[in-house]
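Visitor: Okay, handing you the structure first.
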Amino acid sequence: MAFIIKETKLKVLPVSIVKEEEFYQPYPAKDAVLFDTETLIPIGLLSYRQFEENNNESIFIAVPNLQGIFDGDYAFITYSLTNQGWKLDNEYIKDTDYKIENNYIEYYLKSVSFYNQYKYVSHPSENSSKEILFELGGQPPLGQNWDAMLYDEMAENPELDHYHDVMEEGGEAEFEKMSTREITYFNEELEKEFIYIGMFSFDTYLDGGGECIVFYQPELKKVMIVPEFS
């Protein structure tokens, strides 16, 4: 498993989303997208046209209802679009008896209620500033715990080695080029590339600390979320 640093430029420059946009719907309900409400907690619905101009599909962004996310049990979790809507992938179904604890869910429901009333999210501890609902596009934040869990050894991923060398010690021109390259994740088991979609803060929705990194595999219609707790 490896990260691929491509020669092509970023498809989507980084954008901070704080409210509903033409291409993004926060907190989508079941009348907007079909999903398993027992195992997936809705975060957003993103138009894939942001990444492929002629693609009218939507990506359902969600938090799997698994307490193990916050207990550090998973390097990543996947869910997919099926004939019955978006569903948690089968290998995680055995864990669904251990759902996210009630205090997280209560916090989430309060954020939903606040958004429905004001069309943005804000928490008192943040001086009423608008919370970022989703960080769309850009490059994934490499060099943290989450990506260390997704590749075997840096020696087996020379492109990633070079990326880190340039980002840490490269010249201005080389840094400028590298910082605008598209970065994908290749899953060797599936033999598929996953596109980096963006990220969001668990704090915004569940008061759980940390970040959630989101990738998408368009052929399999599969979302991969990767928790980051530094």
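The numbering used here applies: residue 4 is where the sequence shown begins, and numbers increase by one. Glycine included, C-beta positions come from ideal geometry on N, C-alpha and C. Bear in mind the structure is a predicted one, so any value in this text is a computation, not a measurement.
In the segment 16 to 50, which residue ranges form an unbroken beta strand (DSSP E) of at least 3 residues, counting only runs that do not cross its ends?
Guide: The qualifying runs are 18 to 20, 27 to 29 and 43 to 50.
Visitor: CA-CA distance, residue 117 and residue 226?
Guide: Looking at the two C-alpha atoms, the distance is approximately 27 angstroms.
Visitor: According to DSSP, is residue 85 helix, strand or coil?
Guide: Strand.
Visitor: Leaving aside the five residues before and after residue 195 along the sequence, list all residues of the same chain whose C-beta is less than 7 angstroms from its C-beta, in chain order.
Guide: Here the set comprises 220, 222 and 223.
Visitor: What residues match up with residue 190 in a beta bridge as DSSP calls it?
Guide: DSSP output for residue 190 lists 195 as bridge partner(s).
Visitor: Going by C-alpha distance, which of 166, 151 and 192 is nearest residue 186?
Guide: Answer by Cα proximity: 166.
Visitor: Taking only the alpha-carbon atoms, compute the straight-line gap between residue 11 and residue 52 and give it to the nearest angstrom.
Guide: Rounded to the nearest angstrom, the two C-alpha atoms are 18 angstroms apart.
Visitor: Going by beta-carbon coordinates alone, are residue 67 and residue 27 separated by less than 8 angstroms?
Guide: Cβ distance not < 8 angstroms, so residue 67 and residue 27 don't count as in contact.
Visitor: Name the DSSP beta bridge partners of residue 61, please?
Guide: The partner list for residue 61 (beta bridge, DSSP) reads 50.
Visitor: Can you list, in chain order, the residues of its chain with a C-beta nearer than 7 angstroms to that of residue 14? Leave out the 5 residues immediately preceding and following it.
Guide: So the qualifying residues of the chain are 54 and 185.
Visitor: State the DSSP-derived secondary structure class of residue 153, mapped to helix, strand or coil.
Guide: Three-state DSSP puts residue 153 in coil, outside helix and strand.
Visitor: By how many angstroms is the C-alpha of residue 139 removed from the C-alpha of residue 119?
Guide: About 22 angstroms.
Visitor: Please state whether the Cβ-Cβ distance between residue 124 and residue 42 is less than 8 angstroms.
Guide: Going by C-beta atoms, residue 124 is not nearer than 8 angstroms to residue 42.
Visitor: Check each candidate in 80, 231 and 182 and name the one with the smallest Cα separation from residue 3.
Guide: This structure gives no information on residue 3, because the portion of the chain shown stretches from 4 to 233.
Visitor: Residue 143 by DSSP, collapsed to three states: which one?
Guide: The answer is coil: DSSP assigns residue 143 none of H, G, I, E or B.
Visitor: Per DSSP, residue 161 is paired with what?
Guide: Answer is none; residue 161 lacks a bridge partner.
Visitor: Closer than 7 angstroms by C-beta to residue 157: which residues in its own chain qualify, once you throw out the five before and the five after it? Chain order, please.
Guide: Interpretation of residue 157 is limited by its pLDDT of 46, a score under 50 that renders its predicted location unreliable; the figure taken from the coordinates is listed afterwards. If we look at residue 157 and ignore the five residues flanking it on each side, its Cβ neighbours are 163 and 164.
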